[in-house]
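The next block holds one structure in the form of structure tokens; read it before the comments.
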Amino acid sequence: MAGKQWMGEEWRIKDFQGKILDWFDKNKRSMPWRDDPAPYRVWVSEIMLQQTRVDTVIPYFNRFLERLPSVENLADVEEDELLKLWEGLGYYSRARNLKAAATELINNHGGKLPETASELQKLKGIGEYTAGAIASIAFGEKVAAVDGNVFRVMARLTENRGDLRDNRLKNILKREAERLLPDRRIGDFNQGMIELGALVCISRVSPKCAECPVTEYCLSFNHGTQVMIPYKSKGRDRSIQNKTVLLIRCKDKFAIRKRPGNALLGGLWELPLEEGHLTAEDVQKRLESQGMKIKEILFLKNTKAIFSHLEWRIHGYAVTLWESSLEEAAGDTMKVAETEEATPALVWATGEEIGLKYPMASAYSEYTDELHFFSKKPLIFPVYEAIREKISQLPGVNSKVQKTQITFTAENAFAWVWLPIRKLRDRPENYLILTFGLDHQVVHPRIVQAVEPYPNRWTHHVIIENVTEIDEEIMSWIIQAYHFARGKKSKSRAKGK
Ligand code: SF4
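The numbering of the sequence shown is this note's numbering, which starts it at 263 and goes up by one.
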């Protein structure tokens, strides 16, 4: 549909602009960069918002601005500290480009951002949309800011069924968006269009047309085609690579290493990552050949890391080393073989140090989260080992370690002790989940929650918080409950249940 036919006379455009601005005034969400749209703040926020949701960005933005409140601070910051501030936000080249652009501003622009979109686009990391957003919001330049939200709105308004992957279509929609720009409050108008796409003219599910201020101008709405538009053809498939992550712990330290600068996630730190899916035996052989003395290897769950063009399918192992490994290896000289690139040396750091100093790749956060969890709760492993050791001394009881769970089996009964890592991440302190055979209800002052038994009523879970050591009280309770379960199971069987 040609633009003129769609919107028609000038007064209709003015009416459309007024409706978008009124709607924005009433419905805009409060955002720290909106409440104070200084150029530096708008720039940082727009870079953070690329590929990232507003809710995710806000805490990162506040932390970033607190530490780096000016272009000068950004230009001076060390890369590790910069990436630490960005840790978890993804697309780390954005952070590096910000710093490079800040240096350029200090060297050649007196530390100030240029005020036009065309000049802004000369800075690293600033593309056409971002330049339009900064120039219109921070400097009032009459220029469109057409992001994915606005492309969707424009495609529906004009009922254009073309393929949104096609740059020719994008150019047509951009020209239409430019035609709609008002002479004043351009930044607000652009934000209004973006906000309309984010809140009302939403993707995937049906747009909320009943809440839309411009239905009368929307061809898709008027023809009932809005759920079919925009069309986007399937992108190319991601290639798949198998990897194995190793969470290697020795005493209170974990092995990490820095990814080479030119690799994917370059410059970030990571848990050692091996090519292919290794078996526990492979892991053992490989690490022993590097001089490590292995105490225990536990299989962690499988996960995926998805990048725009690539998917890693990851297996993970938690490897505990005997303490002498670290002493003999003189701290940071042990290496783990990797075929992808030259292997950087391992660095051994406590969880606290990692949390404070090392920007970690969060692409496979299933494992890095475990590292943080263990680190923040360093007594969990000793607790785990103490329970196993003490219970294994009970007559007629066998214990088996699987992942983060210990299973105890005796003649007629079973009990599990779980140290769940992810299921109850909101728990404030160390905790154990104890699962007992049968459905006996256990009352204990330290039990904070009894989890619903499974539907077959053969098990019952209880959660105990603030477990920092296996004291006599907890131990005797575990043993009593275990024997209680055994006895009850035996009785049940005797009754033929
Ligand atoms: S009327 Fe519906 S489809 Fe059209 S712009 Fe508004 S929300 Fe989008």
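Just so you know, even glycine gets a beta-carbon here, dropped at the ideal spot from N, CA and C.
Shown here, residue 509 sits in a strand according to DSSP, grouped into three states. Distance from the CA atom of residue 575 to the CA atom of residue 368, rounded to whole angstroms, is 43 Å. Under the 8 Å Cβ criterion, the stretch 446-462 counts as touching the stretch 274-291, having at least three qualifying pairs. For residue 575, the uninterrupted beta strand (DSSP E) run begins and ends at 572-583, by DSSP.
Counting only the Cα atoms, residue 479 lies some 19 Å from residue 465.
Going by DSSP, residue 564 is part of the beta strand (DSSP E) stretching over 556-568. Put simply, the stretch 487-496 does not touch the stretch 555-562. Fewer than three CB pairs are less than 8 Å apart. Residue pairing by DSSP places residue 493 opposite 425 in a beta bridge. Leaving aside the five residues that flank residue 335 on each side, the residues in its chain whose CB is nearer than 8 Å to its CB run, in chain order, 329. Of the candidates 383, 503, 301, 483, the residue whose Cα lies closest to the Cα of residue 400 is 301. The straight-line gap separating the alpha-carbon atoms of residue 497 and residue 551 is approximately 43 Å. Closest option to residue 408, judged by alpha-carbon separation, among 390, 397, 420: 390.
Counting C-beta atoms within 10 angstroms of its own C-beta, residue 624 has 16 or more neighbours from the protein chains shown and is therefore classed as buried.
Three or more Cβ pairs closer than 8 Å define a contact, and the stretch 497-510 meets that threshold against the stretch 534-547. For the 8 Å CB-CB criterion, residue 581 and residue 510 form a contact. Only exposed fits residue 355, as fewer than 16 other CB atoms lie within 10 angstroms of its CB. Exposed is the label assigned to residue 571, since fewer than 16 other Cβ atoms lie within 10 Å of its Cβ.
In this structure residue 378 is in contact with residue 397, their Cβ atoms being roughly 6 Å apart against a cut-off of 8 Å.
Note on residue 420: 16 or more other CB atoms within 10 angstroms of its CB, so buried under the neighbour-count rule.
In the structure shown, residue 520 falls within a strand segment according to DSSP collapsed to helix, strand and coil.
Boundaries of the alpha helix (DSSP H) around residue 365: 355-370. Look at the stretch 369-420 and you find these whole runs of alpha helix (DSSP H), each 4 residues long or longer: 379-382, 390-401, 410-419. With a threshold of 7 Å, the Cβ atom of residue 482 counts as near the ligand SF4, since some heavy atom of the ligand is closer than that.
Residue 532 is a Cβ neighbour of residue 622, given a cutoff of 8 Å. Between residue 483 and residue 287, the alpha-carbon positions lie close to 23 Å from each other. Taken through DSSP and simplified to helix, strand or coil, residue 431 comes out as helix. In the three-state reduction of the DSSP assignment, residue 464 falls in the coil class. Nearest in C-alpha terms to residue 298, of all of 268, 445, 317, 331, is 331.
Looking from the CA of residue 314, the closest CA among 410, 268, 565, 472 belongs to 410. According to the DSSP assignment, residue 537 belongs to the beta strand (DSSP E) that extends over 535-537. With a beta-carbon spacing of about 6 Å, residue 406 and residue 443 fall inside the 8 Å limit used to define contacts. The C-beta separation of residue 385 from residue 366 comes to about 6 Å, placing the pair in contact by the 8 Å criterion. The criterion of a C-beta distance shorter than 8 Å is not satisfied by residue 337 and residue 374. If the five residues before and after residue 307 are omitted, its C-beta is found closer than 8 Å to the C-beta atoms of 293, 294, 295, 319, 323, all from its own chain and listed in chain order. For residue 582, the distance from the CB to the nearest heavy atom of the ligand SF4 is not below 7 Å.
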